[in-house]
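Let me begin by presenting the structure, written as structure tokens, before commenting on it.
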Amino acid sequence: MGEKGWKFQGEQGEFSLEQPGHNSYLYFPLVNEAGMMSAVTPNLHGGITSGHNTFLMEPVSAESLHNSKASRNFWVFIEGYGAWSVSGNSAKQNAARFTGEEERSTVEAGFLWHAVKRENEQAGLQAKTVSFVPVTDDKIELMQVTLTNTGNAPLRLTPTAAIPLYGRSADDLRDHRHVTSLLHRIFTSEYGIEVQPALSFDERGHRANKIAYAVLGAEGEGAAPTGFFPVAEDFIGEGGALDWPEAVVMNREPDTQAGAAVEGYEAVGALRFAPVELAPGKSVSYVVAMIISGDRIDVGRYAADYLAAGRFDALLEQNQAYWRDKLDTIRFSSGQEEQDLWMKWVTLQPILRRLYGNSFLPYHDYGRGGRGWRDLWQDCLALMVMEPAEVRHLLLNNYAGVRMDGSNATIIGAQPGEFVADRNNIPRVWMDHGAWPLMTTLLYLHQSGDLDFLFQPQGYFRDVFVKRCRERDASWTPEQGNKLLTLDGQIYEGTILEHILLQNIVPFFNVGDHGNIKLEGADWNDGLDLAPDRGESVAFTAFYASNLMELSELLLELQKRTGRDSLDIAEEMALLLDTFGQPIAYDSIQEKRDLLDRYYDAVTPRVSGRKLALDIRKVAEDLKRKADWAVAHLRQNEWIQSKEGYAWFNGYYNNDGERVEGDHPDGVRMTLTGQVFAIMGGVATDEQTGQISQAVKRYLKDERIGYRLNSRFGGIQQNLGRAFGFAFGHKENGAMFSHMTVMYANALYKRGFVQEGFEVLDSIYRLSADFENSRIYPGVPEYINERSRGMYTYLTGSASWLLLTQLTEVYGVKGCYGDLRLEPKLVQAQFNDAGEAVVETLFAGRMLRVVYRNSQRAEFGQYRVGSVSLDGQTLDGQTLDGENAGIGCLISRAQIEALPAAGVHELIVMLDPLYKLN
């Protein structure tokens, strides 16, 4: 990381950044479980909301952060000097940029608070502004401003807090902005200003509004403001602006006192505090609360709970303890101390994704909150090791979104298990959606040993779309509800295992002209959305092939561990298990399509409700036959080679039925996605994996931005997807897209290509932490663009994958049907000077401190797992044997559950050197 960037302070991940205003697009998240979602910048800009329709401040995108003046502010009129903003967000202070006369400022931040220090040397005044969202049941953000006289003479100060109160839906930003201000009902009270619009404006039907927004404040010991400027146009004055308001610049007397009511204007939470004379070395503090409430504000309660003397410090301490407890469920300690601290911020990101969804931060200026289907499953990956208590419940409810045709609902409701019919009539199927649930569920099974989960009953989602959205069912009406029914009108339920089988078998038959699974609306890459007719995803054909193999092995393991000899499935699904009846030729595309059509007809519009009991071993054999065919097909038909001699897997066919990758007049075309799942799932042989690694380095690795998602294709590719309309090196067109890059590293580790995997993960860290180029706070961004800038920070599925890869592959701490398996893949650089690498994590309800002791600091491949001790007691016979001899050890769940629930238990794993490798 360059000297000009942020620096970690201490061992808890707090960091500081000098002169943060010299950087654009920086923002920091502040959030709580009650639903308050904020973002704050070094000049206190950003957003405050509890949802799409309830923005306290004006909704912002990344460009608003430097273009809009509507930000949090706290002003001081200094006698003999004039108006000064503690945030630096005044016309006068902004005009000093690039002149060499800027004020000194510093950002400090931690879990989950943000502070800005600013020095006015000319006036002799320093301000420190601390912001956080308390971990209470209220939707509230607190801001404390502390003013300190750093000069030699007393200062006469008049403070004014000023928070613009937008108070309505994001839809109103450009649609009836003025008209919706006429709905404002503005009230002043002892401590501040409140806005409660009379109506929620919607030309489809205006509704009475209850939501209220408020800015309350008090001097540090609880003294109330002396007056208010509640109307924005009065506060700024004619010809004025929020960054140079007349009321402050001219030090006007407040025009409104407590108990007033005003209607029909844009509002601002402008609170005037009593003038104060500040002696040299003395300080004075003010607390400002920004509140969103379901009805009129109970000012007395909020003042007592949040503005009274000492409350700010107590709530901040509570906030820090809360987030520390959340994040201490997983901690890494290695020879790369800076990276370990950076990983703490990565660990936070899956929690942020759960709370924000994919919206409400400046770069995430789209959507109405909530998450997509893929997010439901991938976010659970991290929750499994951080917040495991709720995972079973979440997974069970997630399966309620599966349709009987193997597709799924795409509109996710607010509650677990709530899925909404698409009333926009936009039929779209992402062909990869069926692949992720098995991966997440397998992780859960291995972490918990809860095989009974597979036999839990769950319904199926139903709406107007059938046959993977190829047709609409004219007989369906919303009144029938969103549950699949049987012929006699009962809600049909199948086991979770039945849902998983369905999701993975249907795609096997849903093939294009080259025998690969159809691309349909898109796959993981949303930008490949223009090949619905003849497009094929070879990449996800590999994923589904490996899933079929995993399912086959899972069924055999189920029989072995539970004694179950049969499976109950919907009788219509027997059509998909063709080896039970008339096996079809898998090389025949038409036979596959015909079989699938017969199945669709059998389950539309309803199912019989009858079930068949099938031999579990025969089902496993059927799945293996399908998997073996798919793997052989991919190896035989989709392995390609460039003129330069590099080889890899083709990933796609476009809507003209043309192979996408390989040599091309505009240059070699290659995708990273096409390689990841072939490696991860064992479709690629070891030899092919090595060749792919070389091809990726040749065609996708860029020293400036890391591993690109694809090479330069040239042109806009109207027969493949919108992604190629993006400039090359941005988003899904050739950026370093963190999610797929992390999965590439994960795949390499899984296959034993440890040095190659380490190189990939290390590149992500170095690109992200190189502040001079990335210009982001600690954490992994969604992507790195062509200029090496980190984009779309905090809310990215790559964080879950990075956390999981670090824990389960790099440190090798993973479950095996409920038992604990330790299989480290640490390289020499990851051991500290004492030869140790440590991870603390939760497993089987116990906090474990796993210490790998490599006294010789041997490189990976030069050590083997030796003795293992738990809380000082040597464990016998734990090391793996056979072909896995020396690579790891297995500790029974019973041994771990026998440990006391409290405290941290230490597992020491000795890594003995191999002095010579042949």
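Okay, so the sequence shown: first residue is 192 according to the working numbering, each after it adds one. All C-beta atoms in this analysis are idealised placements derived from N, C-alpha and C, irrespective of residue type, glycine included.
- Around the beta carbon of Pro-541, 16 or more other beta carbons lie within 10 angstroms, which makes this residue buried.
- Sixteen is the threshold: when 16 or more other Cβ atoms of the shown chains lie within 10 Å of the Cβ of Asp-531, as they do, the residue is buried.
- A direct Cα-to-Cα measurement between Pro-774 and Arg-816 gives close to 11 angstroms.
- CA-CA distance, Val-467 to Asn-258, rounds to 33 angstroms.
- Ranked by Cα distance from Leu-939, the first of Asp-714, Ala-286, Ile-354 and Thr-880 is Thr-880.
- Per DSSP, the beta bridge partners of Asp-1010 are Cys-1007.
- Rounded to the nearest whole angstrom, the C-alpha separation of Gln-885 and Gln-866 is 12 angstroms.
- Val-537 is positioned such that its CB atom lies closer than 7 angstroms to that of Gly-970.
- Scanning the region 458-523 from its first residue to its last, the whole beta strand (DSSP E) runs of 3-plus residues come out as 458-463, 467-469 and 474-484.
- Closest in C-alpha terms to His-855, from the list Ser-833, Thr-876 and Ala-875, comes Ser-833.
- For Met-740, the uninterrupted alpha helix (DSSP H) run begins and ends at 729-753, by DSSP.
- By alpha-carbon distance to Val-422, the top candidate from Gly-413, Pro-416, Ala-414 and Leu-433 is Leu-433.
- Residue state for Asn-599 is assigned as strand, using DSSP reduced to three classes.
- Excluding sequence positions up to five before and after Thr-232, its CB lies within less than 7 angstroms of the CB of Leu-217, Tyr-218 and Leu-256, all in the same chain and listed in chain order.
- The C-alpha of Glu-609 is placed about 16 angstroms away from the C-alpha of Glu-581.
- The continuous beta strand (DSSP E) containing Cys-1080 extends over residues 1080-1082.
- In terms of Cα proximity to Thr-632, the closest of Glu-741, Phe-656 and Gly-548 is Glu-741.
- Comparing alpha-carbon positions, the option among Ala-713, Asp-717, Leu-636 and Val-611 lying closest to Glu-670 turns out to be Val-611.
- Of the candidates Ser-476, Gln-781 and Val-298, the residue whose Cα lies closest to the Cα of Leu-348 is Ser-476.
- By the Cβ rule, the region 970-990 counts as touching the region 923-931, because three or more pairs are nearer than 8 angstroms.
- DSSP places Thr-795 in the coil class of the three-state scheme, outside both helix and strand.
- When C-beta atoms of the region 240-254 are compared with those of the region 271-289, fewer than three pairs fall below 8 angstroms, so the two segments do not count as touching.
- Within its own chain, the residues whose Cβ lies closer than 8 angstroms to the Cβ of Leu-678, once the five positions on either side in sequence are excluded, are Arg-797, Val-798, Ser-799 and Gly-800, listed in chain order.
- With 16 or more neighbouring CB atoms inside 10 Å of its own CB, Tyr-983 falls in the buried class.
- DSSP, read as helix, strand or coil, puts His-305 in strand.
- Taking a contact as a CB-CB distance under 8 angstroms, the pair Tyr-554 and Glu-727 does not count as one, their CB atoms being some 32 angstroms apart.
- When DSSP states are grouped into helix, strand and coil, Ala-960 belongs to the helix group.
- Glu-782 and Thr-795 have their alpha carbons spaced roughly 20 angstroms apart.
- A direct Cα-Cα distance of roughly 15 angstroms separates Tyr-791 from Asn-695.
- Thr-520 is a Cβ neighbour of Leu-1033, given a cutoff of 7 angstroms.
- For Gly-491, the closest of Phe-551, Tyr-382, Lys-922 and Val-222 by C-alpha to C-alpha distance is Tyr-382.
- Distance from the CA atom of His-705 to the CA atom of Glu-835, rounded to whole angstroms, is 26 angstroms.
- The beta carbon of Leu-539 sits closer than 7 angstroms to those of Phe-302 and Leu-518, all from its chain and outside the five residues before and after it, given in chain order.
- Sixteen is the threshold: since fewer than 16 other Cβ atoms of the shown chains lie within 10 Å of the Cβ of Val-1095, the residue is exposed.
- Contiguous alpha helix (DSSP H) elements confined to the region 251-329 occur at 255-258 and 282-285, taking only those with 4 or more residues.
- For the 7 angstroms CB-CB criterion, Ser-757 and Ala-811 do not form a contact.
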